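A short worksheet on the structure shown next.
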Amino acid sequence: MTEEQFLRDSEEHVDIRSEAYREMIAKSLLELGNNKRLKAAIEKAKRGEDVTIAFIGGSVTHGAGADPLHLDCYAYRTYAGFKERFGREGGPHIRFIKAGVGGTSSELGMIRYERDIRRDGAVEPDIVIVEFAVNDADDETKGICYESLVRKALAADNAPAVVLLFSVFENDWNLQDRLAPIGRHYGLPMVSVKDAVTEQFYKSKVEGHVISKKQFFSDIYHPTNAGHRIMADCLCWLFDQTDRCELHQEDICLDQPPVYGSDFADVQLLDRYNGIGAAEITEGSFSAADSELQFAEMDDHPYGSPQFPYNWMHASESGSDSFKMTLHSKSLLLIYKNSGSDDFGNADIWVDGKLAKAADSHAVNWTRCHAVILYREQVSREHTVEIRMAAGHERRKFTILGFGFVK
107 MTEEQFLRDS EEHVDIRSEA YREMIAKSLL ELGNNKRLKA AIEKAKRGED VTIAFIGGSV
167 THGAGADPLH LDCYAYRTYA GFKERFGREG GPHIRFIKAG VGGTSSELGM IRYERDIRRD
227 GAVEPDIVIV EFAVNDADDE TKGICYESLV RKALAADNAP AVVLLFSVFE NDWNLQDRLA
287 PIGRHYGLPM VSVKDAVTEQ FYKSKVEGHV ISKKQFFSDI YHPTNAGHRI MADCLCWLFD
347 QTDRCELHQE DICLDQPPVY GSDFADVQLL DRYNGIGAAE ITEGSFSAAD SELQFAEMDD
407 HPYGSPQFPY NWMHASESGS DSFKMTLHSK SLLLIYKNSG SDDFGNADIW VDGKLAKAAD
467 SHAVNWTRCH AVILYREQVS REHTVEIRMA AGHERRKFTI LGFGFVK
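Following this line, the structure appears as structure tokens:
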């Protein structure tokens with residue numbers, strides 16, 4: 107063993123059987139919430155019935171920092187812990203869905219939900235874990251998109267349990283103060299990794315120190331394998347405590363005003379594959395398809411899946427005709443590709459004849475899906491949307507990944 111390997115292995119060692127570790131994990135339980143739905147899922151699993159546990163979030167949910175990513179990420183570890191606790195032997199009746207996409211907020215997550223969690227209606231998850239506490243600085247609505255996603259999940263006919271998970275960055279930051287009021291409003295279980303780990307980072311062993319920042323974080327954003335293990339143990343602690351508690355007889359109440367808003371709870375994806383009948387589209391010079399996309403390992407797959415492959419791309423040789431779309435809707439979001447390539451340029455987005463957005467392909471200089479709101483109104487009406495390359499960028503590329511719309 108090299109000195110470098112020895113140091114790494116020493117740093118990754120965490121005494122998971124210690125009382126201090128148990129106390130750290132217990133501090134993650136921010137709220138047990140109304141347990142009716144979560145206990146229903148646990149009891150289904152105990153009876154050997156099919157149960158689906160699903161995760162949606164950003165790069166932490168994707169598994170960044172874990173090695174191997176698809177098996178050592180917190181999501182897979184949590185699924186394995188749930189199955190070990192409550193599953194019946196001899197049958198694969200506990201199903202795992204993971205839909206984490208790096209660098210994206212709930213603004214995109216709410217649009218992805220039907221496709222990536224419900225698989226366009228083929229799946230009804232029993233438990234949905236939502237992790238956007240370190241991504242939602244990019245949410246233009248400062249909570250409305252997140253609450254819309256939460257309400258979208260809660261409103262499903264099969265009444266799934268929704269758990270809010272608050273991860274944390276190396277600088278001890280997250281958006282828990284903004285997002286936790288949503289959980290309290292609906293009586294949701296909430297787990298805070300921040301509450302578990304940050305205080306003990308600064309303690310001595312005698313005071314209860316368990317793990318250092320260097321051990322927990324692989325970089326300033328993402329957990330190591332040890333960090334992912336702790337996140338999973340925090341969620342499994344919630345499961346254990348819920349299993350021990352008496353059942354709440356009344357379900358959570360959705361028939362109440364939202365905390366921030368739920369304007370996008372009925373948002374739908376529109377791309378070349380989904381929802382195309384909702385709009386009249388003229389592709390113009392955006393007739394190509396982009397295959398150099400952001401990839402993410404979904405579920406327990408060791409391979410990446412392309413994000414928004416049914417897109418419209420303007421290529422340098424395509425000409426200069428605008429992409430035009432007419433549709434009835436209250437709200438509309440554009441999903442477009444950020445890129446680190448100089449081949450990509452900017453586009454202007456016009457709504458009803460007025461310039462609404464200037465879309466910069468280099469808002470971040472790496473390949474990423476980016477969502478922006480084009481309009482948000484109270485009443486549905488017909489709108490016309492035109493997307494054309496910005497002046498001087500006609501010979502560059504621009505990819506429309508899709509749209510999110512509310513009828």
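In the numbering used here, the protein residues as written are 107 to 513.
For glycine and all other residues, C-beta sits at the position ideal for the given N, C-alpha and C.
Remember, predicted model here, so these are calculated numbers, not experimental data.
In terms of residues, what are the limits of the beta strand (DSSP E) holding TYR481?
Position 375 of the sequence shown, counting from 1, holds the residue named residue 481. Start and end: 474-495.
Comparing alpha-carbon positions, which option in LYS463, ARG482, PHE450 lies nearest TRP472?
For the purposes of this step, residue 472 is taken as residue 366 along the sequence shown, with counting starting at 1. With distances taken between CA atoms, TRP472 lies nearest to PHE450 out of LYS463, ARG482, PHE450.
At which residues does the beta strand (DSSP E) containing PHE192 begin and terminate?
Looking up residue 192 in the sequence shown gives position 86. Per DSSP, PHE192 belongs to no beta strand (DSSP E); it is in the alpha helix (DSSP H), 180-192.
Give a yes or no on contact between the region 256-265 and the region 376-388, applying the rule of three or more CB pairs nearer than 8 Å.
Counting Cβ pairs under 8 Å, fewer than three are found: no touch.
If you follow the beta strand (DSSP E) that ARG201 is part of, which residue opens it and which one closes it?
Taking the first residue of the sequence shown as position 1, residue 201 is located at position 95. Boundaries of the beta strand (DSSP E) around ARG201: 200-206.
Jot down the residue ranges of each uninterrupted alpha helix (DSSP H) in the region 200-271, minimum 4 residues, whole runs only, in chain order.
Listed in chain order, the complete alpha helix (DSSP H) runs (minimum 4 residues) inside the region 200-271 are 212-218, 250-260.
Leaving aside the five residues before and after ASP178 along the sequence, list all residues of the same chain whose C-beta is less than 7 Å from its C-beta, in chain order.
Numbered from 1 along the sequence shown, position 72 holds the residue referred to as residue 178. Cβ neighbours of ASP178 beyond the five flanking positions: ALA172, ASN331, HIS334.
Assigned secondary structure, ASN380 (DSSP; H/G/I helix, E/B strand, else coil)
Counted from its first residue, the sequence shown places residue 380 at position 274. Coil at ASN380, not helix or strand.
Quick test of your reading: LEU439 and VAL491, contact by CB under 8 Å. State the CB separation rounded to the nearest angstrom.
Taking the first residue of the sequence shown as position 1, residue 439 is located at position 333. Taking the first residue of the sequence shown as position 1, residue 491 is located at position 385. LEU439 to VAL491, Cβ: 11 Å. No contact.
Can you say whether CYS351 is buried or exposed, counting buried as having 16 or more other CB atoms within 10 angstroms of its CB?
Counted from its first residue, the sequence shown places residue 351 at position 245. Burial call: exposed.
Considering Cα atoms alone, identify which of LYS300, VAL157, VAL274, TYR292 is closest to GLU253.
Here residue 253 corresponds to residue number 147 of the sequence shown, with the count starting at 1. That would be TYR292, whose Cα lies nearest to the Cα of GLU253.
Uninterrupted alpha helix (DSSP H) stretches inside the region 292-346 (no shorter than 4 residues)
Note on the region 292-346: whole alpha helix (DSSP H) runs with a minimum of 4 residues are 299-307, 319-322, in chain order.
Helix, strand or coil at GLY404 [DSSP, three-state]:
If you number the sequence shown from 1, residue 404 lands on position 298. First, the residue type needs correcting, since residue 404 is Met and not Gly in the sequence shown. If DSSP states are grouped into helix, strand and coil, MET404 belongs with coil.
Taking contact to mean 3 or more Cβ pairs, one atom from each stretch, closer than 8 Å, check whether the region 152-165 and the region 189-203 are in contact.
Yes: the two stretches touch, three or more of their Cβ pairs being nearer than 8 Å.
If the criterion is Cβ atoms closer than 9 Å, does the pair TYR219 and LYS204 meet it?
In the sequence shown, counting from the first residue as 1, residue 219 sits at position 113. In the sequence shown, counting from the first residue as 1, residue 204 sits at position 98. The Cβ-Cβ distance between TYR219 and LYS204 does not fall below 9 Å.
Cα separation between GLU149 and SER397?
The residue you call residue 149 lines up with position 43 of the sequence shown. The residue you call residue 397 lines up with position 291 of the sequence shown. If you draw a straight line from the Cα of GLU149 to the Cα of SER397, it comes to about 43 Å.
Just to confirm, is the Cβ distance from ALA462 to ALA453 under 9 Å?
Counting from one through the sequence shown, the residue named residue 462 turns up at place 356. Counting from one through the sequence shown, the residue named residue 453 turns up at place 347. Taking the C-beta atoms as reference points, ALA453 is found no nearer than 9 Å to ALA462.
Taking the alpha helix (DSSP H) that ALA132 belongs to, which residues open and close that run?
Counting from one through the sequence shown, the residue named residue 132 turns up at place 26. From DSSP, the alpha helix (DSSP H) with ALA132 extends over 125-132.
Measure the beta-carbon distance from MET296 to GLY139 and round it to whole angstroms, keeping in mind my assumption that it falls under 8 Å.
In the sequence shown, counting from the first residue as 1, residue 296 sits at position 190. In the sequence shown, counting from the first residue as 1, residue 139 sits at position 33. 7 Å between Cβ atoms; contact.
Nearest-angstrom Cα distance between GLU488 and THR432?
Numbered from its first residue, the sequence shown carries residue 488 at position 382. Numbered from its first residue, the sequence shown carries residue 432 at position 326. Taking the straight line from one Cα to the other gives about 7 Å.
How close, in whole Å, do the beta carbons of SER134 and ASP245 come, if the pair is a contact with beta carbons under 8 Å?
Counting from one through the sequence shown, the residue named residue 134 turns up at place 28. Counting from one through the sequence shown, the residue named residue 245 turns up at place 139. About 23 Å separates the beta carbons of SER134 and ASP245, which is beyond the 8 Å limit, so they are not a contact pair.
Between which residues of its own chain and LEU353 is the CB-CB distance below 6 Å, once the five residues before and five after are set aside?
On the sequence shown, position 247 is the one that residue 353 refers to. Within its own chain, the residues whose Cβ lies closer than 6 Å to the Cβ of LEU353, once the five positions on either side in sequence are excluded, are LYS145, listed in chain order.
If you measure between the beta carbons of THR247 and GLY206, is that distance less than 9 Å?
Taking the first residue of the sequence shown as 1, we reach residue 247 at position 141. Taking the first residue of the sequence shown as 1, we reach residue 206 at position 100. Against a cut-off of 9 Å, the Cβ pair of GLY206 and THR247 comes out as no contact.
DSSP three-state assignment for PRO364, whether helix, strand or coil
The residue given as residue 364 occupies position 258 in the sequence shown. Coil, per DSSP.
Check for me: the beta strand (DSSP E) holding ALA146 runs from which residue to which?
Position 40 of the sequence shown holds residue 146. DSSP places ALA146 outside any beta strand (DSSP E); the residue lies instead in the alpha helix (DSSP H), whose first and last residues are 142-152.
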